[in-house]
Amino acid sequence: MAVNYRERIIPLWTVFLLGILFHTQLGLMPLFHGLSVVESQKAQNINDISGIMWLMLGFFAIPMLGIITTAFTDSKRYRMIHFGVTIFYTIMNLLHLVLDLFVQPVLWYQIALMVFLLIVGLLLNITAFQWMRLHNTAHKSPKHLEGSLF
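Each residue of the sequence shown is one higher than the one before, starting from 1 at the first, in the numbering used here.
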């Protein structure tokens with residue numbers, strides 16, 4: 001039975017995206033209970049943090065685009081780019097996890113979530129790597145071919 005890696009990658013990206021959204025929400029939750037949150041940069045107005053807002057938009061939009069593109073394309077070039085993107089997100093997640101261990105107080109519920117996301121990211125890396133390799137060997141053996149609508 002042939003493995004459809006896209007059917008594995010899409011839910012992994014979805015779980016990862018929901019996890020980073022929940023990580024952001026957990027970070028803001030104290031505000032709803034009258035508590036302060038850690039400020040990395042004091043801003044006077046929204047324009048002071050517009051660069052951060054654009055970076056966050058990109059960081060959240062790339063997985064969404066990855067989900068859509070994975071559903072509709074099967075090209076070798078995309079598989080290679082996709083694998084690189086998964087590696088980038090895993091590295092960013094690991095760096096964020098390590099840096100959050102130095103923020104006082106350490107918020108262990110956030111650390112636990114980031115460890116879970118790191119595991120999901122590693123699973124995504126492995127699956128994306130297998131999908132990328134499958135394309136390189138598909139021409140050698142018809143049993144490795146994966147169906148595509150396009």
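For glycine and all other residues, C-beta sits at the position ideal for the given N, C-alpha and C.
Buried/exposed call for residue i, threshold 16 Cβ in 10 Å
i	result
Asp48	exposed
Trp54	exposed
Asn93	buried
Arg6	buried
Leu101	exposed
Phe83	buried
Leu99	exposed
Pairwise C-alpha distance: residue j and residue i
i	j	result
Leu95	Ala128	21 Å
Phe72	Gln104	44 Å
Phe32	Thr69	36 Å
Asn4	Ile111	32 Å
Ile113	Ile10	First, the residue type needs correcting, since residue 113 is Leu and not Ile in the sequence shown. Approximately 20 Å between the Cα atoms of the pair.
Gly27	Val37	7 Å
Asp74	Met56	28 Å
Gly34	Gln25	15 Å
Ile46	Leu134	46 Å
His23	Ala2	35 Å
Ile81	Leu118	20 Å
Val106	Met29	16 Å
Beta-carbon gap between residue i and residue j smaller than 7 Å
i	j	result
Leu124	Leu12	yes
Arg79	Met132	yes
Gly58	Thr90	no
### Query
Would the segment 16-34 and the segment 53-70 be scored as touching if the rule is three or more Cβ pairs under 8 Å?
By the Cβ test, the segment 16-34 is in contact with the segment 53-70, since at least three Cβ pairs between them sit closer than 8 Å.
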